[in-house]
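Engineer:
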Amino acid sequence: MKGWMGKFKVLSLLGFVALFLSACGKENLTALDPKGYGAEKSLDLIILPTVIMSFVFLVVMVIFTIALVRFRKRKGREDFIPKQVEGNKTLETVWTIIPILLIIIIAVPTVWYTFVLADKADAKDHINIGVTGNQYWWHFNYDGMDIQTSQDLYIPVGEKVYLNMLSSDVIHSFWVPTLSGKLDVNPENENTFYIEAYEEGVYWGKCAELCGPSHSLMDFKIVAVSKTEFEQWVADMQSVDPEAVPDNEMAAQGRELFQENNCIGCHAIGSSPVAVGPNLTDFGNRTKLAGVKDMTKENIVAWLLNPEKIKPGNKMTGAYPKLSEEDASLIAEYLMQLKPSEITTEDAGK
Ligand code: HEC
Ligand SMILES: [Cu+2]
1 MKGWMGKFKV LSLLGFVALF LSACGKENLT ALDPKGYGAE KSLDLIILPT VIMSFVFLVV
61 MVIFTIALVR FRKRKGREDF IPKQVEGNKT LETVWTIIPI LLIIIIAVPT VWYTFVLADK
121 ADAKDHINIG VTGNQYWWHF NYDGMDIQTS QDLYIPVGEK VYLNMLSSDV IHSFWVPTLS
181 GKLDVNPENE NTFYIEAYEE GVYWGKCAEL CGPSHSLMDF KIVAVSKTEF EQWVADMQSV
241 DPEAVPDNEM AAQGRELFQE NNCIGCHAIG SSPVAVGPNL TDFGNRTKLA GVKDMTKENI
301 VAWLLNPEKI KPGNKMTGAY PKLSEEDASL IAEYLMQLKP SEITTEDAGK
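The numbers in full-length UniProt numbering rise by one with no breaks, and the one at position 283 of the sequence shown is 283.
(1) Report all residues for which the CB-ligand distance to some heavy atom of ligand 1 is below 5 Å; order them along the chain.
(2) Put V245 into one of helix, strand or coil per three-state DSSP.
(3) Closer than 8 Å is the cut-off here; do at least three beta carbon pairs connect the stretch 165-176 with the stretch 118-134?
(4) Here's a check: name, in chain order, each residue in its chain whose Cβ is nearer than 8 Å to the Cβ of M316, leaving out the five neighbours to either side.
(5) Between the Cα of Q238 and those of G318, G144, S216 and V62, spot the shortest distance and give me the residue it belongs to.
(6) Anything with a beta carbon under 6 Å from a heavy atom of ligand 2 counts; list them all in chain order.
(7) Given M1, which residues of its chain have a CB within under 6 Å of its CB, disregarding the five upstream and five downstream residues?
(8) Is A31 helix, strand or coil by DSSP?
(9) Can you say whether Q259 is buried or exposed, counting buried as having 16 or more other CB atoms within 10 angstroms of its CB?
(10) In the structure shown, what three-state DSSP assignment does P99 receive?
(11) If you drop the 5 nearest sequence neighbours on each side, which residues of the same chain put their C-beta closer than 7 Å to that of S150?
(12) Going by Cα to Cα distance, which pick from Y334, I52, K120 and E159 is closest to I100?
(13) Less than 7 Å separating the beta-carbons of A348 and G201?
(14) State whether the stretch 186-202 contacts the stretch 45-60, with contact taken as three or more CB pairs (one from each stretch) at a distance under 8 Å.
(15) If you draw a straight line from the C-alpha of L153 to the C-alpha of L32, how long is it?
(16) Any chance you could list the alpha helix (DSSP H) runs of at least 4 consecutive residues sitting entirely within the stretch 269-346, in chain order?
(17) So, using beta-carbon positions, are G270 and V240 closer together than 7 Å?
(18) Taking 8 Å as the cut-off, does the stretch 337-348 touch the stretch 226-234 (at least 3 CB pairs, one atom from each stretch)?
(19) How about A208 and S173: do their beta carbons lie closer than 7 Å?
(20) If you draw a straight line from the alpha carbon of I171 to that of C211, how long is it in whole angstroms?
(21) Let's test the definition: count the other Cβ atoms within 10 Å of the Cβ of F16 and tell me whether it reaches 16, buried, or not, exposed.
(22) Spatial neighbours of D327 within its chain, please: CB distance less than 7 Å, with the 5 preceding and 5 following residues excluded, ordered by chain position.
(23) Assuming contact is defined by CB atoms lying nearer than 7 Å, are K41 and Y142 in contact in what I supplied?
(24) Taking 7 Å as the threshold (C-beta atoms), are T178 and K35 in contact?
(25) What runs of the beta strand (DSSP E), each 3 residues or longer, lie entirely inside the stretch 96-165?
(26) How is I171 classed by DSSP in three states: helix, strand or coil?
(27) Nearest CA to the CA of A319: which residue from A290, D236, C263 and S272?
(28) Which of the three DSSP states, helix, strand or coil, is assigned to T178?
(29) What span of residues does the alpha helix (DSSP H) with A39 cover, start to end?
Structure (structure tokens):
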């Protein structure tokens, strides 16, 4: 009886944990609701073996139950020995061939789509974006468009977008579960694949390779907008004047502090290739600070005073003079008005 209770407790605990974990996650951060070609094919490849394995499990369980019931020890036939089938050639052949066939049924589409999804023959005809993984943020460089940005990647809906990925430090892994599978981002040897979003929307991405203390905070977003909105966004980004002095007095002071405090050495505004830290051209258009915090002035000031508290191990901590709260607040004013485009994540239906 006691053993039975123990099992019951373990099972209910597992059930509870499963229920609890099923509430985790964000919308558009799931591989089970694909909104792009890569994710759709990945889900197909999850479903196929699951169906086959469930079927095998069912068949085995049915045969097992029949055997248990039919050949159990019964009154009056204690010495009954069922017919022995070891060495039966037909049976042995059947249960060797069936699993081989099932494995082939799983393997063929898996290998096929592995090659299809890695194919980059038509990359030249599409948008190419250089992706750099950094501890703990992502940088994006639009090929031939003179646009550099970080954290949020704007793409046109319904189009293949090729991502050519390298890391500036350790191995990361680029994963936008709703749009595609994962791909490792290595310090050497560029890895390429494409993403394609069927619907406009904001799709959350995660680094999927343990890369340091703030690995789990290495979030980013794909913002899929209509083709015309994308063209508008490109034009807006291209017409940014990095030298522009804001009209707002506080923001203008913040701009000077930004230049005096080393910030500009790591953070580019405009299409400069400097990318020791995130490009801040469209910082005011982002909805998250450093990928994870809500974009409020308070949070920006908190970040500037002590980034370590928000992202342990980040590469900004200690690399600039200590700021007073007033200065941090002025810099925040400057950064928040860096909004080059009217096209924002809201346009993507979120
Ligand atoms: C040594 C280079 C370096 C210096 C100097 C530096 N930063 Fe950073 N900064 C970084 C890095 C790296 C990150 C990304 C941290 C992370 O997310 O892991 C960052 C992140 C940020 C972010 C968040 C960006 C985003 O996309 O959400 C802001 C804002 C910022 N820095 C502002 C500043 C300001 C203002 C200064 C000057 C007072 C400054 N930084 C100085 C490297 C630097
Ligand atoms: Cu990472």
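Here a beta-carbon is modelled for each residue, glycine too, at the ideal position from N, C-alpha and C.
Structural biologist: So, from the data block:
(1) For ligand 1, the residues with a Cβ under 5 Å from any of its heavy atoms are, in chain order, Y136, W137, Q151, N261, N262, C263, C266, V276, G277, P278, L289, A290, K311, N314, K315, M316, A319, Y320 and I331.
(2) In the three-state reduction of the DSSP assignment, V245 falls in the coil class.
(3) Yes, since at least three Cβ pairs between the stretch 165-176 and the stretch 118-134 fall closer than 8 Å, the two stretches touch.
(4) Here the set comprises C266, G277 and P307.
(5) Taking only the C-alpha atoms, the option nearest Q238 is G144.
(6) Going along the chain, the residues that qualify are G133, H172, C207, E209, C211, H215 and M218.
(7) Confidence at M1 is low in this model, with a pLDDT of 49, below 50, so the placement of that residue should be treated as unreliable; the coordinate-derived value is given next. Within the same chain, M1 has no close Cβ partners at all.
(8) DSSP places A31 in the coil class of the three-state scheme, outside both helix and strand.
(9) Burial is judged here by how many other beta carbons sit within 10 angstroms of a residue's own beta carbon; Q259 has fewer than 16 and is exposed.
(10) In the structure shown, P99 sits in a helix (DSSP, three-state: H, G or I).
(11) Excluding positions up to five away in sequence, the list reads W137, W138, H139, F140, P278 and N279.
(12) Residue I52 holds the alpha-carbon nearest to the alpha-carbon of I100 among Y334, I52, K120 and E159.
(13) Cβ atoms of A348 and G201: closer than 7 Å.
(14) No, they do not touch.
(15) Taking the straight line joining both Cα atoms gives about 22 Å.
(16) Taking only runs of at least 4 residues, the alpha helix (DSSP H) segments lying wholly in the stretch 269-346 are 297-305, 307-310 and 325-336.
(17) Closer than 7 Å, so yes.
(18) At 8 Å Cβ cutoff, the stretches touch.
(19) Yes, the pair counts as a contact, with Cβ atoms nearer than the cut-off.
(20) One C-alpha to the other measures close to 7 Å.
(21) Residue burial is scored here from C-beta neighbours: F16 has fewer than 16 other C-beta atoms within 10 angstroms and is therefore classed as exposed.
(22) Here the set comprises L257.
(23) Taking 7 Å as the Cβ cut-off, K41 and Y142 do not qualify as a contacting pair.
(24) In this structure, T178 lies closer than 7 Å to K35 by Cβ.
(25) The stretch 96-165 contains these whole beta strand (DSSP E) runs: 127-134, 137-142, 147-150 and 152-156.
(26) In this structure, I171 counts as coil in the three-state DSSP scheme.
(27) For the residues A290, D236, C263 and S272, the minimum Cα distance to A319 belongs to C263.
(28) DSSP places T178 outside both helix and strand once states are collapsed to three, so it counts as coil.
(29) Y37 to R70 is the span of the alpha helix (DSSP H), which, as asked, contains A39.
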